[in-house]
Every structure is written in structure tokens, then in C-alpha cells.
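Residue numbers (my numbering), protein chains in the order written: chain A, 3 to 733; chain B, 14 to 568.
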């Protein structure tokens with residue numbers, strides 16, 4: 003019995019321990035696969051799935067829209083009727099579907115009151131504009147949620163009469179509203195354009211006190227649109243001519259660019275404004291969609307082509323997404339194409355059903371649902387398209403953003419205005435990471451390797467016993483302390499005494515060499531006794547030199563740099579200066595990584611088999627010859643592995659760069675400029691980002707890249723070390 | 014021996030390689046200098062802050078006119094004369110070279126902002142150290158500097174006049190009242206709040222489960238509300254008593270300021286203090302830095318919650334990491350078939366050690382906080398939703414993340430310890446009929462226990478200094494409550510906590526008043542470094558003891 007229990011205990015222990023051992027492997031695999039799992043959806047293919055078709059029994063549709071939850075579709079007909087359709091019941095419109103009559107006269111056009119999505123302005127044939135707000139309210143009862151919809155007439159249900167402003171029938175209108183300030187643009191059949199501004203628009207009262215402004219008529223204009231912020235006005239003709247007017251200053255409209263959106267050969271087939279209205283999408287008869295964006299050229303602002311999409315069949319209609327720079331294009335061959343402009347990708351194409359005319363389309367606000375309304379039919383689609391703005395090429399290549407003059411590498415993960423999209427280019431961050439690592443290694447590598455050579459080959463064993471724990475202490479220094487000193491003490495010091503810092507680079511080694519030269523005149527007995535303690539001897543020399551250089555900084559700068567090293571650099575070399583820069587980061591991060599490189603390198607050098615050294619010395623080589631030709635060469639793989647481990651450490655170091663680098667994502671190799679690294683970027687942005695957004699997943703991608711980079715460095719180091727160990731064993 | 018021809022001498026010297034050896038030595042020298050300089054810098058800047066420095070007064074001439082300044086010198090620097098003359102219009106004849114500039118802390122942020130001013134030394138006249146100047150450390154608006162002119166009780170001047178003795182006595186009384194109010198708030202009122210919150214959750218839970226009976230809850234709620242009212246009345250009484258006294262001081266510009274004595278923590282007359290009194294004051298200041306919570310957006314007061322949070326986090330982490338680290342090391346050393354398996358796992362361990370800490374933070378946030386914590390919330394904390402309980406950064410997740418991060422440290426250390434246990438001991442035990450498990454638990458592990466301790470200490474030192482991952486998984490700049498208190502279940506692993514390392518970053522870089530906070534950051538950094546160095550040295554010491562012990566066993 004006793005034995006059985008013992009055996010059971012033994013077996014259990016063995017199993018448990020084996021499980022524990024393998025769990026280390028499981029942990030690292032879990033980290034890797036979890037990161038991959040979070041990142042993967044970024045690169046998942048886009049898919050479209052048809053949900054339902056509904057009979058609406060209504061033709062002559064002018065507008066369609068949906069609510070936030072995609073439960074209700076609202077249709078506005080040419081007859082001035084509004085119908086709410088329940089999207090969930092695929093049975094079609096029940097006979098008792100509530101109808102709302104919005105206008106008696108036939109409706110000519112419906113436009114949203116820009117930039118609101120749920121307020122509409124209806125232009126009727128009797129030269130009036132009616133304003134309505136479509137309200138969808140989510141309600142809850144015991145076990146389900148449903149949406150109740152209603153339509154509210156605005157401005158005390160009083161339409162805006164246009165006859166007093168224009169003589170002819172109004173052909174097109176557009177409305178912009180920002181708080182209580184509302185602007186209405188109307189265009190009559192002759193091209194005469196009137197801008198009405200209502201400074202105190204109040205939903206409960208009729209519109210009044212219009213300020214009237216007449217713009218230069220645009221002969222063949224067929225449509226009018228407000229631009230971003232109501233500061234611009236676009237007018238378009240049916241054949242693709244456009245005219246841009248700056249209306250930011252009341253009473254002083256300034257004509258800006260004008261021209262032709264389609265070439266002489268082509269013919270305009272569809273036109274749509276992208277989110278923010280900085281860009282116009284123009285489709286022509288050849289199946290080409292061109293994105294034109296506002297761009298400043300001197301004192302003029304004009305539209306300029308930015309990029310093109312080519313489709314096999316002409317595009318008859320387009321619908322922009324409500325919150326992203328994407329759109330869906332409906333081709334004549336009954337193919338719909340989902341496109342994202344900035345990433346320059348056609349994400350997915352699918353067949354749609356339609357009558358003779360292209361369908362009316364509306365996205366749900368999150369653009370995960372699409373409803374298409376043709377004559378008598380309503381079809382809805384689910385769109386799985388969460389990260390259209392990110393592709394491998396937008397992450398690394400230059401991207402042409404709205405408002406820029408040329409394609410750029412930019413990381414700007416949030417913007418003040420929803421009209422502008424976040425800009426996700428990893429290139430500046432990777433550059434910053436490598437730049438910080440480069441300068442840190444430039445500082446740390448020589449010091450660590452040289453220190454290791456001295457410690458392993460020349461140092462007195464008594465001192466070595468002191469140095470090893472000292473180095474361990476240095477390795478344990480919290481990086482937050484180093485970063486804090488670098489950012490708040492070293493950075494201002496370097497800024498104020500730049501001349502002295504630069505001079506130190508030369509003065510410190512020179513002073514040591516001078517001291518070494520003078521050393522020969524000491525009695526041989528003293529020299530022999532102190533040989534193993536040279537490191538301590540250099541400490542006062544270095545300290546004194548540094549103190550001298552720093553206390554005569556002003557004089558030195560006056561002599562060498564004409565008074566101010568920073569000004570001299572800027573004037574003579576054209577180098578800008580940030581207080582928190584790569585030099586400061588390099589020094590601080592270098593100090594953090596010196597002990598890491600040192601201990602691995604020192605181990606490798608100290609483990610060089612003694613008979614190699616003795617053989618060399620016996621053949622008459624001097625100690626330095628032995629060290630530089632035999633020991634260093636033998637230990638070279640070990641030193642390489644030390645550098646790899648150090649590199650892994652600096653690439654992922656966070657706190658020092660966070661505090662000492664300034665965190666500006668710029669592409670500049672200048673040692674006196676800052677940078678933003680992968681690690682600092684994560685810690686700055688991840689706490690405030692929305693879970694599962696593109697930004698969140700990208701930050702995980704950055705973490706994954708860091709993981710892979712350090713994994714590569716460390717595995718390389720480990721493999722090289724194993725080989726070296728084998729070689730030492732053979733020797 | 015030195016030769017007569019310097020150039021030949023030089024050539025031979027260069028050939029010998031001596032310059033290289035010297036340069037290599039200088040690399041070590043640089044390291045020593047950097048580390049020593051760092052400690053000295055932190056010690057001087059951090060520890061100097063608590064010394065009750067002399068308060069000076071002087072007349073100061075600016076180009077706009079003259080003023081009288083009273084304050085403590087907080088820093089001085091020299092600037093070149095020509096730089097000064099470029100920036101300031103001054104009579105070149107009266108300007109020394111270099112120009113000395115002082116940073117003077119004049120305090121009185123509410124009465125006469127700013128509380129720090131730069132002045133040029135050569136423009137100060139009638140420099141003196143007035144003996145009766147008083148410094149007040151206040152709960153808000155920072156220090157006040159001035160001369161005592163009035164002391165009032167309920168608006169009436171106290172009999173005997175504003176004497177120093179009367180002031181200190183009343184400050185002591187105010188201190189007692191304040192701590193009574195704090196106790197009332199922290200233990201009673203907070204506890205009642207928490208119980209009410211729990212009842213509210215209970216109500217939600219019953220509603221979710223379809224239970225309609227809530228009578229008992231209502232009784233409890235009524236009882237708690239009554240208790241709350243009583244505590245609130247008591248607090249109001251205490252607050253009124255605290256507001257009884259007022260002190261008036263004459264400011265440096267001759268105006269007077271009056272503020273309630275209840276806001277004063279300490280008052281001292283630095284220019285009257287003996288060295289001994291100053292030393293006492295210094296130690297008192299140092300102690301309150303270690304034992305008190307921060308005030309005024311972390312720019313004043315102490316770091317106790319940060320120390321406490323750091324200690325709690327490393328404690329929980331140690332509990333988590335020790336068994337895993339020991340088991341993994343046992344597997345590698347005692348059980349695993351040598352060869353491919355061990356090599357693979359060892360590479361995994363080295364990689365685990367080499368993965369940047371921020372990646373652990375990202376993993377911790379995504380996996381522990383959102384995936385695991387979110388699931389726990391869905392399963393067990395439905396009533397609190399949508400407010401997350403475990404699905405948000407907190408102490409438990411921070412400890413788990415750091416346990417993963419420090420796992421390699423423990424594994425490597427324990428493995429080393431196991432390797433040192435002589436093979437003979439295992440063989441002897443097995444030969445006497447013990448199973449492998451018995452050998453392990455009775456012989457090997459006890460002998461290797463110091464190495465386990467070493468590993469845990471090293472892990473704790475690493476974790477105490479780590480900040481980046483914590484910023485993602487649970488650290489906050491100001492935690493409303495400590496993770497341990499007198500309320501059931503006493504240890505609150507879901508709470509957010511403060512941490513010394515993050516405190517340095519936050520106060521140093523995100524503080525609204527960086528100049529005032531700077532000395533505290535140096536002090537905090539010094540504290541953190543001392544903790545880490547002491548831990549590391551203990552580990553090193555333990556390891557060398559262990560080495561010595563096995564040398565004797567083997568002989």
C-alpha cells in the first residue's frame with residue numbers, strides 16, 4: 003500500500019513537473035499566437051453577404067437612409083411621401099405601413115443637411131425647401147429592443163420660399179448647418195446662384211433674417227454642394243465642368259479654381275463627395291473613377307487629381323461611406339465595387355439587383371450594412387470590412403492624403419477633426435526605433451566590449467570581484483530612473499553645454515592616452531602593481547577632464563563655435579536641434595545596455611581556452627598582441643552574440659525613449675533631433691485606443707513586430723553561443 | 014626606463030599596445046564614473062529637498078521697479094555676461110562676469126503667484142536672513158512664507174497675542190482633528206458607501222434573476238443611510254472645529270494674508286532652528302515623504318501609496334511566479350530528456366527573457382484584461398455591468414503580466430542552484446530506496462532553496478523597476494484607495510494601484526507644476542534605486558553564500 007502511494011506521488015510529481023516545463027514553451031507560443039490573433043483581422047479579406055430583399059411597392063424613389071442599428075429603412079418618394087420599412091421582416095411593406103406626407107408638390111431633390119445625417123432638405127417643384135428630421139429611437143421592453151421612428155418638421159413646419167430670392171425655377175440646392183448657423187445654396191435653371199445665411203436658425207421657429215449673397219452665375223451648372231465646414235461652395239455642370247468658390251468671409255465670395263473634371267473624350271457618369279467633402283469622386287464613361295482633392299497652390303485653392311480606380315464597366319452611381327474615406331461604386335454591368343480611396347484598394351466586388359436605373363444606396367453609420375433601393379425592391383447586404391484603410395503598402399509606402407501636396411510617410415493616429423482620417427505609416431516609427439537603437443549601440447558597443455576585454459584579460463582578480471556585482475547593479479538600474487535623468491537633467495545639460503559635450507568625445511580619450519604616455523615615467527614596481535587597477539586610475543583622469551571641459555564651456559564655445567554651438571550648427575551645417583534628441587537617448591539607453599553586452603562578452607572572452615593564450619605568449623607575442631589577435635578573434639562569435647542581445651534590448655526599451663526622445667514621428671537621421679519608437683508609441687497610444695479598432699490592432703501589430711525582431715536577435719545570439727560553447731569544448 | 018628620444022619612445026609605446034589597454038580600462042572607468050555620478054546626483058538632489066534651508070530676504074531691483082523678496086533659494090546657476098546683456102537691459106558697468114542667477118521659492122501660490130522666481134544676484138541688496146520668518150507647509154496651495162502677525166479663534170484675536178508657542182499648539186490640535194476626519198472618511202463613510210454599492214448590485218442581480226423580494230435590502234439600505242447621515246454630521250462637526258482658528262501673516266510685499274489653521278501641516282522658523290532642530294525637522298520630512306499620500310496632483314506630500322502598491326504588486330507576482338519558475342527549472346534540470354527538448358525550452362526561456370517588456374504589457378492588456386477579465390465579468394459580475402470589475406486594468410493583471418515577464422529570471426536562478434546540488438546526494442537518496450519525487454522534495458529542493466530565494470529576489474527587483482508594461486495593465490497616477498483595507502475581502506486585486514516607477518514618470522513629465530515637483534521626483538528615484546540595489550545586492554550575497562556552502566559540501 004505504502005509503496006503504491008509513493009509510486010502514485012512520484013508519477014504525479016513527474017507529470018506535474020513536465021507540464022510546468024512545457025508551459026514555458028506554451029507561454030511564449032501563447033504570446034505570439036495571441037498577438038497574431040488580434041492582428042489578423044486587419045488583413046482579413048472583405049466579404050459581402052446578401053441579407054434580404056423587401057418589396058416596397060414604391061417607385062420614384064429619391065432618397066433612402068437607415069438608422070444606427072439598421073432596423074429601419076426610410077424612403078422618400080418623388081411624390082413627397084416618407085415610408086419607414088422594418089428591415090427585419092423580409093416580407094415586404096405591410097399594407098398598414100405608416101406613411102408621412104412631407105410635401106404637397108412633387109419633390110425634385112432631397113439632400114441631407116450637411117454634415118448631419120438625419121436631417122433632410124426637400125426641394126419641391128413649387129420652389130420651396132422643406133426641412134425634416136428623421137428620428138429613430140431605440141426602445142426596450144421586457145425581452146427585446148425595437149426602434150420607433152418618426153419624422154419631425156423643422157422650423158415650425160414652415161418651408162423656405164425661394165421665389166423671393168430667384169426669378170426662375172430652382173434646379174438644385176444644398177444646405178449646411180453648424181449649430182444655429184445655417185447656409186442654403188440655391189441654383190436656378192439659368193445658373194444664377196444665391197447663398198442664404200440664417201445666423202439664428204431655431205428648429206421651433208420659422209427661418210428668418212436671411213443674409214442674401216449672389217454669386218457669379220455659373221452658366222451650365224446643374225448641381226451645387228457645400229464644401230468642408232461650409233467654407234467652400236462647389237458647382238458642377240452635367241458635363242463635368244466645376245467651379246469652386248471660397249465663401250468663408252461673409253459678403254466677399256472669392257472665385258477659386260475652375261475647370262473640367264473629365265477629359266475632352268470622356269463623359270461624366272456619376273459624381274460623389276467623399277467624407278469631409280475635401281474630395282470629389284468623378285466617374286466617366288470609360289469606367290475610371292478619379293479622386294479630386296482640394297489643394298492650395300499659391301493663393302488659389304483648386305481641385306487636383308489624386309488617384310484613379312479603373313473598372314471594366316462604366317460607373318453609374320456612387321455612395322460614400324459615412325465615417326470613412328471609402329465608397330461603393332455601381333457599375334453598368336451590375337457589379338458593385340467596394341473601394342477605399344486612401345489605401346487605393348478595390349476591396350470586394352459583388353453583383354447587385356437593380357431596375358433600369360442605378361440603385362439608391364445607403365450605408366449604416368458603421369458601414370457594415372448597405373441597403374440598395376431600386377424600383378419596388380429594397381435589398382440589404384452585410385459588409386465585413388473593418389479595416390479598409392490598412393494594407394501592407396499603406397503601412398510602409400508613401401500615401402497621398404487629402405490636404406497634402408505629395409505622398410508622405412506619416413504616423414498620426416488621431417486627428418482633431420473626424421473629417422480627416424488617421425494616418426498609419428509604420429515607416430517613421432520603424433525608422434525611429436532603428437535610429438535610437440543605432441545611436442545607443444554606437445555609444446554602448448565600444449564601451450561594453452572594451453570594458454569586457456579589459457576585465458577579462460587585464461584586470462586584477464580582486465577588482466574583478468568588485469566589478470562584477472557593480473555591473474549587475476548597473477544592469478538592475480530601473481530604466482525609468484535613467485529615462486527621467488536623461489529627459490530632465492541630461493537633456494537640458496546637453497542643450498546648454500553642447501560644445502563641452504562634443505568636445506568631451508575627443509578630450510576624454512585624449513586625456514587617457516596622455517596619462518598612459520606619462521605613465522611610463524613611473525617606477526616599474528609601481529606600474530606593475532597598478533596594472534590590474536588601471537580602470538580605477540582612469541576614473542579621476544576622466545572626471546577631472548570632464549570637469550575642466552564643462553567648466554570652460556563658455557570659453558570653448560566662444561573659441562570653437564563663435565559663442566553658441568547650437569547656433570553654429572544650425573548656421574554652418576543646417577542641423578536643427580531638439581532638446582530631447584537621439585544623442586541624449588543614445589547615452590541613456592547606452593548606459594542601460596552596457597551591462598547586458600558587457601556580461602555576455604566578458605563571459606565569452608574569459609572562457610577562451612587558456613592554452614591558446616599561453617601558446618601565444620610563449621611564442622613571444624606581447625599581451626596586447628595576444629588579446630587582439632588570438633583572444634578577440636576566438637571570442638568574436640560570443641561578442642557578436644552579446645551585441646545581438648544588446649540590440650534586442652535597445653529595440654524594445656520603452657521608458658528611456660518615452661522620456662528622452664521627444665516622441666515626434668519624424669524621418670531624420672540627425673543626432674540632434676528626436677524620434678518616436680515602436681515601444682514608446684505603444685505605451686503612449688494603447689491606453690486610450692478603442693478596443694478592436696484599426697488603431698488598436700495596429701498597435702498589436704507593432705508589438706508583434708517587436709516580438710519578432712527580438713526573437714530573431716535572441717535566437718541568433720543563442721544559436722551562436724551554443725556553437726561557440728561547442729567550439730571551446732573541442733579546443 | 015624613459016629614453017632620451019621622445020619620438021622613438023612614442024613609437025615603442027604605441028607598438029606595445031599600452032594605449033589600447035588604457036583605453037579599455039577607461040571604458041570600465043567611464044562605467045564606474047557614470048554609475049557613481051548617478052547615485053551622487055540622485056542623493057544630492059533627492060535628499061537635499063527635506064532640509065529646512067535658510068529663508069532669505071532682499072530688496073530686488075528690476076527694470077520695472079523694486080520689490081522685496083522673501084523666500085528659499087532653490088537653485089543657482091551662472092550665465093555668461095554677454096548672454097545676459099543680450100537678454101536684459103542693464104548698465105554694463107555694474108554687471109559681473111559670469112552673472113549669477115538664483116531660483117528663489119517664494120511660495121504663497123494663492124496669495125502671490127508664481128511660487129518660483131529667477132533673480133539675478135547682483136541686483137539684490139540688503140540680503141538678510143530674518144530670524145522670525147515662518148514657513149508653513151499647507152494642505153493646498155503649497156508653502157507659505159511670511160511673518161506671523163495674527164492668530165484668531167472664531168474671528169477673535171487670541172489673548173496673549175500671536176506667539177510661536179500658541180501657533181504650534183494650535184497646529185497640533187488641527188493635525189489631530191484632520192487625522193480624525195481622514196479616519197472617518199476612509200473607514201466609516203467609505204465603508205458605508207461600499208456597502209450601499211453592494212446592495213445596489215444585489216438588487217440588480219435579483220432583478221436579473223427575476224427575484225422580486227427586496228424587503229431585506231431596503232431595511233439594510235435604510236440602516237446604512239442612517240449611519241451615513243450620522244457620520245456626515247460628525248464630519249461636519251469636526252470640519253467646523255477644524256475651521257476654528259485662523260492665522261495671519263505679513264507677506265514679502267507688506268500685504269497680509271489670512272488662512273485657516275486647519276490647512277497647515279507644519280510650520281517652522283528655519284532661521285531660528287539649531288542644527289539639531291533642523292536634523293529633527295529633516296527626519297520628520299523624510300518620514301512623512303515615506304509614510305504619507307501625495308497632495309496637490311502629486312507635486313507635494315509623500316509616496317506611501319506608491320510604495321504600498323509596488324510592494325503589493327511584487328508580492329502577488331512572487332506568489333504567482335515562484336511555483337511556475339521552480340517547476341520549470343526542475344523539469345529542465347531533473348526530468349526533461351536531455352537534448353532537443355531541453356534545447357528548445359531553453360531557447361524559449363532565453364527568448365522570454367529577451368522579449369521587450371512592453372510586449373508583455375500589450376499581451377497582458379489584450380489577453381488578461383480584455384479576454385480573461387472580460388469573460389470573468391460576463392460570468393460573475395453581471396450586476397456591475399457595464400462598469401467593468403476585472404475587465405479593466407488592475408493589480409491582479411499587472412502581477413500576472415510581471416510574473417510572466419520575470420519567469421525566466423526565476424528559472425535561470427533555480428536551474429543554476431539545482432546544478433550546484435551534488436549528484437552524489439541524489440544518487441545516495443535513490444540508493445536508499447527513495448522515489449525520485451521524495452529525493453526531490455526531501456533532498457534537492459531544500460538544498461536549492463537559497464537559489465529559489467535568490468531567483469525570487471531578482472525577479473522582485475526586476476519587477477519593482479519595470480514601468481512600461483504596468484502603464485498598460487493597471488498603474489494609475491492617483492489611486493483612490495489602497496489595494497488592501499479593512500473591508501471584506503481585505504485584498505482587492507481588481508483595484509488599480511500606484512507604483513514608484515510610474516510615479517517618477519508621471520510627476521516628472523506630466524505634472525502641472527514641474528519645478529515644485531522636481532525634488533520629489535529625485536527623492537522618489539533615489540528611493541526606487543535604493544530598493545532595487547538592496548534587493549539585487551541581497552540576491553548576489555545569497556548566491557555567493559550558496560556557492561561557498563556547496564564548495565564545503567563537495568569537499
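A virtual CB, placed ideally from N, CA and C, is assigned to each residue, including glycine.
Cβ atoms of residue j and residue i: under 8 Å apart, would you say?
i	j	result
residue 161/B	residue 143/B	no
residue 251/A	residue 189/A	no
residue 299/B	residue 23/A	no
residue 505/B	residue 319/B	no
residue 274/A	residue 322/A	yes
residue 146/B	residue 68/B	yes
residue 122/A	residue 175/A	no
residue 424/A	residue 415/A	yes
residue 548/B	residue 474/B	yes
residue 199/A	residue 173/A	no
residue 680/A	residue 431/A	yes
residue 1/A	residue 248/A	As shown, chain A starts at 3 and ends at 733. That puts residue 1/A outside it, with no answer to give.
residue 154/B	residue 191/B	no
residue 228/A	residue 260/A	no
Let's see if you can read the secondary structure: which residues bound the beta strand (DSSP E) around residue i?
i	result
residue 350/A	347–353
residue 76/A	74–79
residue 173/A	172–180
residue 332/A	328–333
residue 71/A	Here residue 71/A belongs to no beta strand (DSSP E), and DSSP marks it neither H nor E.
How would you write the range of the alpha helix (DSSP H) that residue i sits in, first residue to last?
i	result
residue 153/B	Per DSSP, residue 153/B belongs to no alpha helix (DSSP H) and is neither H nor E.
residue 466/A	463–478
residue 181/B	177–196
residue 331/B	317–343
Residue i bridges to which residues according to DSSP?
i	result
residue 125/A	111/A, 131/A
residue 271/B	261/B
residue 227/A	236/A
residue 279/B	150/B
residue 303/A	298/A
residue 195/A	189/A, 217/A
Is there at least one non-hydrogen atom of the ligand SAM closer than 7 Å to the beta-carbon of residue i?
i	result
residue 228/B	Here there are no bound small molecules, and the ligand SAM is not part of this structure.
Cβ contact (3+ pairs, closer than 8 Å) linking the stretch 477–486 of chain A and the stretch 655–662 of chain A: yes
At least 3 beta-carbon pairs within less than 8 Å: the stretch 368–385 of chain A vs the stretch 62–76 of chain A: yes
Meets three-Cβ-pair contact criterion under 8 Å: the stretch 416–424 of chain B and the stretch 16–31 of chain A: yes
Given 8 Å, three or more beta-carbon pairs between the stretch 457–476 of chain B and the stretch 399–410 of chain B: no
Segment contact, 8 Å Cβ cut-off, at least three pairs: the stretch 25–35 of chain B with the stretch 112–127 of chain B: no
Given 8 Å, three or more beta-carbon pairs between the stretch 381–401 of chain A and the stretch 337–344 of chain A: yes
The stretch 719–728 of chain A / the stretch 503–520 of chain A touching (three or more Cβ pairs under 8 Å): no
In chain order, each beta strand (DSSP E) run of at least 3 residues that lies wholly inside the stretch 110–145 of chain B: 112–118, 129–133, 137–141
Three-pair Cβ contact test at 8 Å for the stretch 637–654 of chain A versus the stretch 589–605 of chain A: yes
Touch test, the stretch 390–403 of chain B against the stretch 346–364 of chain B, Cβ-Cβ under 8 Å, three pairs minimum: no
Cβ pair count under 8 Å reaching 3, the stretch 562–575 of chain A against the stretch 516–524 of chain A: no
Three or more C-beta pairs below 8 Å linking the stretch 275–285 of chain B and the stretch 167–185 of chain B: yes
Segment contact flag, the stretch 59–66 of chain A with the stretch 111–131 of chain A, C-beta cutoff 8 Å, min 3 pairs: yes
Beta strand (DSSP E) runs wholly inside the stretch 132–161 of chain A, at least 3 long, in chain order: 147–155
Contact the stretch 535–542 of chain B vs the stretch 439–453 of chain B: 3+ CB pairs below 8 Å: no
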